[in-house]
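Undergrad: Starting off with a structure, shown below.
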Amino acid sequence: MDVTRRSMLKWSGAGVAAAGFAAVIPAGSAEAAAVPNAGSVTAAAAPSAATQAAVKQAKQLVAEMTLDEKIAYCHGIPATKGFTGHIPANERLGIPALRLADGPSGVGNGSTGVTQWPDSKALAATWNPATATDYGKAYGAEQAAKGHNVALAPCINLLRLPHWGRSFETYTEDPFLNGQLAAATIRGIQANHVISTVKHFVANNQEILRNSIDVVVSPRALQELYYPGFRAAVQQGQVGAVMTSYNKINGTWAQENRVNVQDTLRDAWGFDGMVMSDWGGTHSTVQTAKAGSDTEMPGSTYLGDALKAAVQSGSVSEAQLDTMVTQVLTAMIRVGLFDHPLPDPATVVDTVVSTPAHLALARRIGVEGSVLLKNDGVLPLARPRSIAVIGNAADAGAQTHGGGSGSVNPNGAVVTPLAGIRARAGSTPVTYSPGTLGIAAVPVVPAAAFGAGLTATYYASTDLTGAALGTETVPALNITATPAAVAGQTDGWSARYTGTFHADETAGYRFSLGVGGLTTLSIDGKEVLTALPGREAVQNALVDLTAGEHTVEVTYVSAAPVGGRAPRTSLVLGAQAGYDKLHQAAAAAARAADVAVVVVADVTSEGMDRSTLALPADQNELITAVAQANPNTVVVLNTSGAVLMPWLGSVKAVLANWYAGQEQGNALAAMLFGDEEPGGRLPETFPAANDQGPAKTTVEFPGDGVQVYYDEGLAVGYRWYEHSGEKPLFPFGFGLSYTSFRLGGLRLSRTAGGLRAQATVTNTGRRAGSEVVQLYVAAPDAAREPAQQLKAFTKVTLKPGQTTTVTLEVARDDLAVWLDSTTGWTVVPGSYTVGVGTSSADLPLRGRLSLS
Ligand code: BGC
C-alpha cells in the first residue's frame, strides 16, 4: 500500500479508519470540538401521518400471518419474461403480488410495446427535475400498464469514473444533482402507485469483478458522495424500495452491511420501506436479516427455508422477521399498491403501452438533454444545399440504448439519425456513407486465411512460462470453450498461438478481438492490440497490410477464477479489409456536400467497463478524414458518456446526444435544423486524456482483484479537476445554446441557517433559449473540502432580449459537511464563497458570506 500517496490527500478523508488510517480531523480534537451543531442537520424527519398509518396497517397484517406466509416476503420466486422478480399474492389476507421489472430507461426484461426512452444520462443532462418527474410519470405508467408494480429504477450510483459500463444507466458525478434528479424521478414513478427501487446501494461504481470486489472507501466519502443520492431518494422522494449492490463495502457485502442498511438507511434517514438484494447478491441468512435487509432476489437460497430454520432455531428472532415483512408491506401500502390493482402481466404481454404522448416526451428529453459542446456557427443548419450523413452509428449501428438489464425494446422501429435527418430535410439532398465497418465485431478470420492453421502451445502458468503442457494445431481463433489441454488448470493457464495470416489485398485491415482473458495480438512481430477481459466486448486494431503472408502471434492468459468458478474462456479474432476505402468514400461524400454530419458511437453495457475513453474502432480516423474533406463537419456523439476528441480542433460542431432512445433521429434532426435547441448541460466532466481524473493506479481502478481503493476520497468528478488543476476537455455543467446569455447583479443573503443568491439572466441573442444557472459554494478551509461544490441550480427559458431574476436557495443541510463520526454532519462556521455561473469552470458572479 502506498501510504505516502494516501497521506497527501489530507482534505479528502481518504484514510479509511477500518484500514488503520487516521481520519481527517481526529475525533475529539480542538478543531472538531469547536464545530457547533453536531448531528443537527440531515436528520430523519418525523414520519408523516400517512406513513404511520401504512406502518400500522402493515403490522396488523403481519400479526395475522403464519411463519410460512412471512417467509414468502423475504425472497422471490422465478419470474417469467416481461419482469424479473416475483413475490406471489397472499390471497387469504388480500395482499397483491409483487412483480418487479427493470430498468432505468424503459420497461425492460424483454417487454414489448413499451417506449425505449433516452438513457439516464440524457435525462440528467436536462438539469431539470420537472422533466425527470414527467419522465417518471410516463415510464411508471408503462410499468403499471404491463402489470409491474415494482420498477427497478432509478439507478443512481455516483459516476466515480466515466469508464463505468453502466454510465448510461446513471445520472451524474455530482451528489447534489444526483439527489435532485433521483427524488424527482421517484415522485413521478410512484405517482402511478408503482414502487420505485433506487439502486444499487452503495458504491457500485464499476463492473469489473462487481460480484466480488471489496470497495475500500472512507466514511466521509460515503457520507458526502455515495450516500446523498440515496438519502434524497428516501427523504425527498419517499422511495418505496432500495436495492443493495453486489459489491462489498469496507469488507462486508452490501446486503448484509449493517452500517449502511440499518444504521444509515433506516436509523439515520428513517427509511421504512423494502430493501432487496441485487439479483443473486444475497450471501447469508442471519447476517442479512440482522443488517436491516428484507428480501433476497430473485430466488430463495438464503432467505427462504434457511431463514425459516434460523427463526425456528432462534438465530433470527421472530420480531426481526416481523420487522422485515412489515417493511415490505409498508412500502406496498404507502405507495398505494393495495388500492390500485394492476392487470396480471400475462394478460397484457402483447398490449402496446407506449403512446404518442410518451414518444413526444422521449423526443423532448432527447432535445432537452443533448449537450452542444462546440459550435463555430454551423448549427443550426441554415438551409444547407446538401447534407452528407456519415457513420455506421447514423444508421445500422445507432446506439439508442445500452446493454444488460437496462436494455429496452422499442415499440416499432427506432428512428435512426439518418431516418430522422432524411424525414426533416424534405427536398434537401441527403447522402449516406457508413464510413466504417462499424463498432461490432468484424467477421471471424476464416481457417483458410491461416493456411495450415495456428500452433497452440499451452502453459500451466498465467505468464506463458514453464514447461509447455502440450501443443496442437487449431484451424482459426474462434475459441469459446476451454481447450482440453488446460481444462484441469483451475488456478489459471495461458496459451500462445502462432501462424501465418494471408492478406488477400493491400489494404487497411481492422482486427477485432472478443476475449475472456488478457490477450495480445501481434502482426509481423509488432504488438497491435492488448485486449482486457471485463472490458469492451469487441476491442479493435487498425493495421495496414500488403497483400500476402504475415506472421501472427496471439497470447492469451485466462482470467482469475471468481468465487471458485472458472472464468469464461473466449478468444475470437476477426478481421476485415477496407476500413481505409470506407474513409475515402466518406470523405468523398463529405466533399460533395454542403455539410457533413458524422455520427459516432460506443457500445456499453452492464457487465463491462470501458478500457479507454477513446471512440472504438476507426471512428476517430473517420472523423479526421471527413473533417479534412469538408470544413463544415458536425460530430454527433451517440455515446454512453465522455469520450476523447483528438479531432476537436478540426470540426465545426460537436453535440453529445447520449443513447437517445427510439426517437433519437427525430430529436436530433429537430436540433440540427434549429426547430429546437439542445438544452442540455454536462452531468459529467469530459476528460482531455485517458490518464486524467482520479484513480490513476490499478489498486484504485479496477482494483487488485480483491479490493478497490477509493483513495481520491472526496475528489470525484469536477472536484478532482479543480483540486488537481488538471484541465478537462469540457467541464461539468458546460453546454452551449443557440443563443447567448449574460449573468449579472448577484445579491447574496442569509436565510434561516442557509443562504440565498439572486442574479439576473439576460438572453442577449436573437432566438429563444434556455440556460442552467448554477451555484457553487466553497466552504471555509476548516471544512477540508477539495473544491467548491454545486449546491443549487435552475433552468430558465428566455425570449431574445428578455431578462429575468433567478433565486437560488441553499438550505443549511446542503452546506453541511461530514467531518468525522464524532461531529457527524455539521456546518462549519466561517466565510463561504459563492460562485454563480453556467458551469463548474465558469462562475463569473462571485460573493462571500459568513455563516455561524
Ligand atoms: C442488475 C440490476 C437489475 C437486476 C435485475 C442485476 O444484474 O445489477 O440493476 O435490476 O439484475 O435484472
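Numbered by this note's numbering, the letters in the sequence shown go through residues 387 to 1238 in order. Don't be surprised by glycine CBs; every beta carbon is placed ideally from N, CA and C.
Going by beta carbon distance, what residues of the same chain come within less than 7 Å of SER426, once the five residues before and after it are set aside?
TA: In the sequence shown, the residue the question calls residue 426 occupies position 40. Residue placement at SER426 is flagged as unreliable, the pLDDT there being 41, under the threshold of 50; a coordinate-derived value is accordingly withheld.
Undergrad: Check the C-beta distance from LEU723 over to ASN535 and give it rounded, since I have them as a contact under 8 Å.
TA: To locate residue 723, count along the sequence shown from 1; it is residue 337. To locate residue 535, count along the sequence shown from 1; it is residue 149. With 8 Å as the limit, LEU723 and ASN535 qualify as a contact, their Cβ atoms being about 5 Å apart.
Undergrad: Could you tell me the distance, in whole angstroms, from the CA atom of ALA449 to the CA atom of VAL735?
TA: Position 63 of the sequence shown holds residue 449. Position 349 of the sequence shown holds residue 735. Taking the straight line joining both Cα atoms gives about 36 Å.
Undergrad: Return yes when the C-beta of HIS888 is under 7 Å from any heavy atom of ligand 1, and no when it is not.
TA: Along the sequence shown, read from residue 1 onward, the residue named residue 888 stands at position 502. The answer is no for HIS888.
Undergrad: Taking 8 Å as the cut-off, does the region 755 to 768 touch the region 497 to 510 (at least 3 CB pairs, one atom from each stretch)?
TA: In short, these stretches touch, since the Cβ pair count reaches three.
Undergrad: Measuring CB to CB, does ALA987 end up less than 8 Å from ILE776?
TA: Reading the sequence shown from its first residue, position 601 is the one you call residue 987. Reading the sequence shown from its first residue, position 390 is the one you call residue 776. Contact flag unset, no.
Undergrad: What is the C-beta distance between ILE807 and GLY1051, in whole angstroms, given that I count them as a contact (C-beta under 8 Å)?
TA: The count along the sequence shown starts at 1 and reaches residue 807 at position 421. The count along the sequence shown starts at 1 and reaches residue 1051 at position 665. Between GLY1051 and ILE807 the Cβ distance is about 7 Å, and since that is below 8 Å, they are a contact.
Undergrad: Do three or more CB pairs link the region 481 to 496 to the region 791 to 806 at distances below 8 Å?
TA: At 8 Å Cβ cutoff, the stretches touch.
Undergrad: Start and end of the alpha helix (DSSP H) containing THR1239?
TA: Outside the shown range of the chain (387 to 1238) lies residue 1239, about which nothing can therefore be said.
Undergrad: Which term fits LYS456, buried or exposed, when burial requires 16 or more other beta carbons within 10 angstroms of its beta carbon?
TA: Along the sequence shown, read from residue 1 onward, the residue named residue 456 stands at position 70. Result: buried.
Undergrad: Under 8 Å: do the region 1031 to 1038 and the region 851 to 861 share three or more Cβ pairs, one atom per stretch?
TA: Not touching, per the Cβ criterion.
Undergrad: Under a three-way DSSP split, which group does GLU642 fall into?
TA: Stepping through the sequence shown from its first residue, residue 642 is reached at position 256. In the structure shown, GLU642 sits in a helix (DSSP, three-state: H, G or I).
Undergrad: Alpha carbon to alpha carbon, how far is PHE1072 from GLN785? Give it in angstroms, no decimals.
TA: Numbered from 1 along the sequence shown, position 399 holds the residue referred to as residue 785. Numbered from 1 along the sequence shown, position 686 holds the residue referred to as residue 1072. The straight-line gap from Cα to Cα measures roughly 20 Å.
Undergrad: Does the distance between the C-beta of GLU593 and the nearest non-hydrogen atom of ligand 1 fall short of 7 Å?
TA: As a working note, residue 593 is residue 207 in the sequence shown. No.
Undergrad: When burial is assigned at 16 or more other CB atoms within 10 Å of the CB, is GLN1048 buried or exposed?
TA: Start at 1 with the first residue of the sequence shown, and residue 1048 comes out as number 662. Result: buried.
Undergrad: Please indicate yes or no: does the CB of ASP995 lie closer than 7 Å to some heavy atom of ligand 1?
TA: Position 609 of the sequence shown, counted from the first residue, corresponds to residue 995. Outside the cutoff, so no.
Undergrad: Mind checking whether SER1242 and VAL500 have CB atoms under 8 Å apart?
TA: Residue 1242 lies beyond the stretch modelled for the chain, which goes from 387 to 1238, so this question has no answer here.
Undergrad: Once you ignore the five residues that flank PRO731 on each side, which residues in its own chain have a CB closer than 7 Å to its CB?
TA: Locating residue 731 in the sequence shown gives position 345, counting from the first residue. For PRO731, where only same-chain residues beyond five positions count, the Cβ hits under 7 Å are GLY468, PHE469, ARG485, LYS532, GLY533, HIS534.
Undergrad: DSSP state of GLU1195, grouped into three classes?
TA: Here residue 1195 refers to the residue found at position 809 when the sequence shown is read from its first residue. Strand.
Undergrad: Along the chain, where does the beta strand (DSSP E) containing GLU913 start, and where does it finish?
TA: Translated into the one-based positions of the sequence shown, residue 913 becomes position 527. GLU913 -> beta strand (DSSP E) spans 912 to 917.
Undergrad: If I follow the unbroken alpha helix (DSSP H) through PHE576, where does it start and stop?
TA: To locate residue 576, count along the sequence shown from 1; it is residue 190. For the record, residue 576 in the displayed sequence is Gln; it is not Phe. 561 to 576 is the extent of the alpha helix (DSSP H) around GLN576.
Undergrad: Relative to ligand 1, is the shortest distance from any of its heavy atoms to the C-beta of LEU484 smaller than 7 Å?
TA: Taking the first residue of the sequence shown as position 1, residue 484 is located at position 98. Not under cutoff, so the answer is no.
Undergrad: In angstroms with no decimal places, state the Cα-to-Cα distance between CYS460 and GLY900.
TA: Taking the first residue of the sequence shown as position 1, residue 460 is located at position 74. Taking the first residue of the sequence shown as position 1, residue 900 is located at position 514. Spanning the two alpha carbons is a distance of roughly 39 Å.
Undergrad: Determine the contact status of GLN1093 and VAL602, defining contact as a CB-CB distance below 8 Å.
TA: On the sequence shown, residue 1093 is found 707 positions in, with the first residue counted as 1. On the sequence shown, residue 602 is found 216 positions in, with the first residue counted as 1. The answer is yes: Cβ separation under 8 Å.
Undergrad: Any beta-carbon of chain C closer than 8 Å to the one on GLY839?
TA: You won't find chain C in this structure, because it holds only one protein chain.
Undergrad: Short of 6 Å in beta carbon distance, which residues of its chain neighbour THR1189, apart from the five on each side in sequence? Order them along the chain.
TA: Residue mapping note: residue 1189 aligns to position 803 of the sequence shown, counting from 1. For THR1189, where only same-chain residues beyond five positions count, the Cβ hits under 6 Å are THR1146, THR1148.
Undergrad: By the three-class DSSP mapping on this structure, what secondary structure does ARG896 have?
TA: In the sequence shown, the residue the question calls residue 896 occupies position 510. If DSSP states are grouped into helix, strand and coil, ARG896 belongs with the strands.
Undergrad: For ASP664, is the beta carbon positioned less than 7 Å from some heavy atom of ligand 1?
TA: Within the sequence shown, the letter at position 278 stands for residue 664. Result yes, Cβ under 7 Å from ligand 1.
Undergrad: Taking a contact to mean a Cβ-Cβ separation below 8 Å, would you say ILE751 touches TYR521 in this structure?
TA: By one-based count along the sequence shown, residue 751 stands at place 365. By one-based count along the sequence shown, residue 521 stands at place 135. It is a contact, given that the beta carbons lie within the stated cut-off.
Undergrad: Any heavy atom of ligand 1 inside 7 Å of the beta-carbon of GLY1060?
TA: The sequence position of residue 1060 within the sequence shown is 674, counting from 1. The answer is no for GLY1060.
Undergrad: Output yes or no for whether 8 Å exceeds the beta carbon distance between LEU1176 and ASP560.
TA: Here residue 1176 refers to the residue found at position 790 of the sequence shown. Here residue 560 refers to the residue found at position 174 of the sequence shown. For LEU1176 and ASP560, yes; Cβs fall inside 8 Å.
Undergrad: Tell me, please, whether the region 589 to 601 touches the region 647 to 662 by the rule of three or more beta-carbon pairs shorter than 8 Å.
TA: The answer is no - the region 647 to 662 does not touch the region 589 to 601, with fewer than three Cβ pairs under 8 Å.
Undergrad: Judging by CA-CA distance, which residue of PRO1002, GLY934, TYR965 is the nearest neighbour of GLY1246?
TA: Outside the displayed span of the chain (387 to 1238) sits residue 1246, for which this structure offers no information.
Undergrad: Could you tell me if the beta carbon of GLU992 falls within a distance shorter than 7 Å of some heavy atom in ligand 1?
TA: Residue mapping note: residue 992 aligns to position 606 of the sequence shown, counting from 1. Yes, the Cβ of GLU992 comes within 7 Å of a heavy atom of ligand 1.
Undergrad: So, at 8 Å on beta carbons, what are the nonlocal neighbours of PRO1166 in its own chain, with the 5 sequence-adjacent residues on each side left out?
TA: Position 780 of the sequence shown, counted from the start, is the residue given in the question as residue 1166. Only VAL1214, PRO1215, GLY1216, SER1217, TYR1218 meet the Cβ criterion.
Undergrad: GLN1175 by DSSP, collapsed to three states: which one?
TA: Taking the sequence shown and counting its residues from 1, the one referred to as residue 1175 is at position 789. Of the three classes helix, strand and coil, the one that applies to GLN1175 here is strand, per DSSP.
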